[in-house]
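Numbering (the UniProt record's numbering), first residue to last: 4 to 332.
One structure is given below, encoded as C-alpha cells.
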Ligand code: NDP
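The following block contains the structure:
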C-alpha cells in the first residue's frame with residue numbers, strides 16, 4: 004500500500020517537498036471494518052487550507068501522517084452492516100491505495116448508475132455544492148441573471164448548467180484560459196470571459212450590461228468586488244470559496260478575514276431603513292412603552308445655535324457626541 008503523507012506545511016504555494024510517498028502494509032480489517040481498494044480520490048481546494056496549522060471548519064492535516072479526503076473504491080476485505088466485499092463505497096480516506104475504515108463511515112453507491120468517479124464530482128460533493136449554493140443559498144429564480152467564477156471547474160461548471168436548466172435568464176462565467184472560455188460556451192453559458200484579459204469589472208459589464216441577480220463566488224478578491232458592483236437591488240451572492248487567496252502568503256486587503264464568511268456560514272445582508280416603514284407603528288408602540296416604563300435610556304449631545312451647526316456636524320464625525328447629536332435652535 005502506498006500513501007501520501009504531509010511532510011511539511013507549505014508557505015504560499017505548495018511544492019513537491021511538502022509531500023512524501025510512504026509504503027505501508029495493506030491493512031487488515033477488525034470487526035465491523037472494511038478495507039477498500041481506492042479507485043479514485045478527490046483533490047479539492049479546501050485541502051490547501053488544511054495544510055496550514057490554522058483553526059478552520061475542518062481540522063488541519065497532521066504532519067507525517069497520510070492526508071485524507073473523498074475517495075471511492077471497492078471493498079476487498081472485511082465487512083459491516085450492509086457492506087460486503089465487492090461493494091463500491093464512497094468514504095473519506097483518500098490519498099492512499101488501500102483504506103481501512105469502519106463500515107459505518109462508508110456509503111455504498113451503485114456503480115451502474117454512473118461511472119464511479121462521478122460520485123466524487125457531478126453526483127458528489129462538488130455537484131451538491133453547486134446545486135445547494137445556487138438554488139438554496141442564493142435562491143436563484145427563473146429569469147434571473149447569474150454570474151459564476153471558477154466557471155470551468157467542478158463546482159462552477161455545474162452552477163452554470165444547473166442555472167440554465169432551472170430557467171436562468173442569462174448565465175455568465177469567468178475562467179482562466181481561452182480553452183476554458185470556449186468550453187463554457189459549449190456548455191450553454193450565454194457569455195464567458197477569461198479573467199486574465201483585463202479587469203473583471205469591465206468584462207462583467209460587457210457580459211451582463213444590465214447587472215446580475217446572483218453571484219456564485221468561487222474565487223473572491225477582484226471577482227467578488229466586481230460582482231458586488233454588478234449586483235442589482237436585492238441581489239444575492241453565495242460565497243462558496245475564495246481560491247484566489249488560498250496560496251497567498253500576504254493577507255488580502257481588509258476585511259482580511261472575509262473568508263470566515265464561508266466557514267461560519269454567515270449571512271451579510273445589506274438593508275435600508277426606508278424599506279421597513281411597515282414596522283413603524285409596532286416600533287413606536289414597543290419602544291415608547293419601554294421609555295415610559297424606564298426600561299430604556301437614551302443620551303443626547305446638544306449644541307446650541309444655528310451658527311454652531313457646522314461644528315456640531317464636524318464634532319459628530321470626530322466623535323464628540325454621546326448618543327444622538329442635535330442642534331438646538
Ligand atoms: P475547481 O474545479 O474549480 O478547481 C479550482 C479552479 O480554480 C482552477 O481550475 C482554476 O481555474 C481556479 N483558480 C485558481 N486560482 C485562481 C485565481 N487566483 N483566480 C481565479 N481562479 C483561480 O475546484 P472546485 O470546483 O472543487 O472548487 C471551486 C471553489 O469552490 C473553491 O473556491 C472551493 O474552495 C470551493 N468549494 C466550497 C465548498 C463549500 O462547501 N463551501 C465545497 C466545494 C468547493 P482557472 O483556470 O479558471 O483559474
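The beta carbon of each residue, even a glycine, is placed where N, CA and C say it ideally should be.
Since the model is a prediction, treat every value here as computed from it, not as a measurement.
- Going by beta carbons, residue 222 and residue 245 fall inside the 9 Å limit.
- Taking every protein chain shown into account, the CB of residue 73 has 16 or more other CB atoms within 10 angstroms, so this residue is buried.
- Residue burial is scored here from C-beta neighbours: residue 309 has fewer than 16 other C-beta atoms within 10 angstroms and is therefore classed as exposed.
- Three or more pairs of CB atoms, one per stretch, sit closer than 8 Å, so the segment 133-148 contacts the segment 197-217.
- In this structure residue 326 is not in contact with residue 289, their Cβ atoms being roughly 20 Å apart against a cut-off of 8 Å.
- Residue burial annotation: residue 69 is buried, with at least 16 other C-beta atoms found within 10 angstroms of its C-beta.
- Of 278, 285, 266, the smallest CA-CA separation from residue 58 is found for 266.
- Contact annotation: residue 141 and residue 179 have beta-carbon atoms that are not nearer than 9 Å.
- Using a Cβ distance threshold of 9 Å, residue 97 and residue 54 do not count as a contacting pair.
- Just so you know, the alpha carbons of residue 133 and residue 235 end up roughly 22 Å apart.
- In terms of side-chain proximity, the C-beta atom of residue 47 is found nearer than 8 Å to a non-hydrogen atom of the ligand NDP.
- In its chain, beyond the 5 residues on either side, 117 have a beta carbon closer than 7 Å to the beta carbon of residue 126.
- Bridge partners of residue 177 according to DSSP: 196.
- A Cβ-Cβ separation of about 29 Å leaves residue 30 out of contact with residue 131 under the 8 Å criterion.
- Taking 9 Å as the cut-off, the beta carbon of residue 75 is found no closer than this to the beta carbon of residue 46.
- Under the rule that a run must span 3 or more residues, the beta strand (DSSP E) segments found entirely inside the segment 129-165 read 148-151.
- Scanning the segment 42-71 from its first residue to its last, the whole alpha helix (DSSP H) runs of 4-plus residues come out as 49-53.
- Residue side-chain check: residue 183 places its Cβ nearer than 8 Å to a non-hydrogen atom of the ligand NDP.
- Sorting 182, 87, 299, 123 by C-alpha distance to the C-alpha of residue 95 places 123 at the top.
- Scanning its chain for C-beta atoms nearer than 6 Å, with the 5 sequence neighbours on each side dropped, one finds around residue 324 the residues 304, in chain order.
- In this structure, residue 165 has its CB at a distance of at least 8 Å from all heavy atoms of the ligand NDP.
- No residue range can be given for residue 113, since it is assigned to no alpha helix (DSSP H) and is classified by DSSP as neither H nor E.
- Look at residue 126 here: in three-state DSSP terms it is coil, with no helix or strand label.
- By the neighbour-count criterion, in which 16 or more other beta carbons inside 10 Å mark a residue as buried, residue 280 falls on the exposed side.
- Boundaries of the alpha helix (DSSP H) around residue 226: 224-233.
- In the structure shown, residue 248 adopts helical secondary structure according to DSSP, grouped into three states.
- The residues 177, 225, 226, 229, in chain order, have a CB closer than 7 Å to that of residue 203 in the same chain once the five nearest residues on each side in sequence are set aside.
- In this chain, residue 86 is not harboured by any alpha helix (DSSP H), its DSSP state being neither H nor E.
- Three or more Cβ pairs closer than 8 Å define a contact, and the segment 80-94 falls short of that threshold against the segment 14-22.
- Bridge pairing for residue 304: 328 [DSSP].
- Residue 163 and residue 243 have their C-alpha atoms some 14 Å from each other.
- Contact check for residue 80 against residue 119 fails: the beta carbons are separated by 9 Å or more.
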